[in-house]
Amino acid sequence: MRKTLIALATLFAATTAHAVDLAPGLSLDTEVKAWHEVDAEKNYLTINPEVEWTPNAGALTLSVGTVITAYETQTGDNFVLFDALDEGSRPNIDFGAEYDLGNGAELFGETSWDVDAKDRTELKMGVSFTF
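Counting along the sequence shown from 1, when you hit position 18 you're at 18 in the numbering used here, and nothing is skipped either side.
Structure (structure tokens):
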């Protein structure tokens, strides 16, 4: 029960997002996310830094980011932030491009680079509609 209360306190205190404008059209967005899996009784804390570039404040946005796990209770080693440097545990580097077509429509492309396998993951291209 104590672990559940600690996880809930961490969840409400640590789930945050922050953006910093580095230059016109260039921003660093970082999300820290904490959650608890109730049935599995596991806790997680991840850090997701992402750099976005919108050239000439236009409809195109390019991004690069990653998700780094900082804490998890799935293994015996709970604080796993520095495990991201170990071979086999390195996070993928995510790449994306979005082009706003207007009226809630957007073209997108995204892929990742698997640092451990030294290979690109599946390339996804498509269109999305928001209404």
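All C-beta atoms, glycine included, are put in the ideal place defined by N, C-alpha and C.
Because the structure is a prediction, the values reported are computed rather than measured.
Task: Close-in-space but distant-in-sequence residues of the same chain around ILE47 (CB under 6 Å, 5 per side omitted) - done: Stepping through the sequence shown from its first residue, residue 47 is reached at position 47. The answer, listed in chain order, is VAL32, ILE68, ALA70.
- [ ] State the start and end residues of the unbroken beta strand (DSSP E) segment that holds PHE129.
- [x] The sequence position of residue 129 within the sequence shown is 129, counting from 1. PHE129 -> beta strand (DSSP E) spans 124 to 129.
Open item on the list: I believe PHE129 touches ALA105 by the beta-carbon criterion, under 8 Å. Please report the beta-carbon distance rounded to the nearest angstrom.
Closed with: Within the sequence shown, numbered from 1, the residue matching residue 129 stands at position 129. Within the sequence shown, numbered from 1, the residue matching residue 105 stands at position 105. Right, their Cβ atoms sit about 5 Å apart.
Task: Contact set for ASN56: own chain, Cβ-Cβ below 8 Å, skip 5 residues either direction - done: Looking up residue 56 in the sequence shown gives position 56. Contacts found: GLY25.
Open item on the list: Could you check whether the segment 102 to 119 touches the segment 79 to 93, counting it as contact only if at least three pairs of C-beta atoms, one from each stretch, sit closer than 8 Å?
Closed with: yes
TODO: Let me know the beta strand (DSSP E) ranges lying completely inside the segment 80 to 120, each 3 residues or longer, listed in chain order.
DONE: 93 to 102, 105 to 114
Task: Rounded straight-line distance, which links the Cα of GLU72 to that of THR54 - done: One-based indexing of the sequence shown puts residue 54 at position 54. One-based indexing of the sequence shown puts residue 72 at position 72. Going by the C-alpha atoms only, they are around 34 Å apart.
TODO: Go ahead and label ASN43 buried or exposed: buried means 16 or more other beta carbons lie within 10 angstroms of its beta carbon, across all protein chains shown.
DONE: For the purposes of this step, residue 43 is identified with residue 43 of the sequence shown, where counting begins at 1. Looking at its Cβ environment, which holds 16 or more other Cβ atoms inside 10 Å, ASN43 is buried.
Task: Cβ-based burial, ALA19 [other Cβ within 10 Å; buried from 16] - done: As a first step, residue 19 must be located in the sequence shown, where it is residue number 19. Looking at its Cβ environment, which holds fewer than 16 other Cβ atoms inside 10 Å, ALA19 is exposed.
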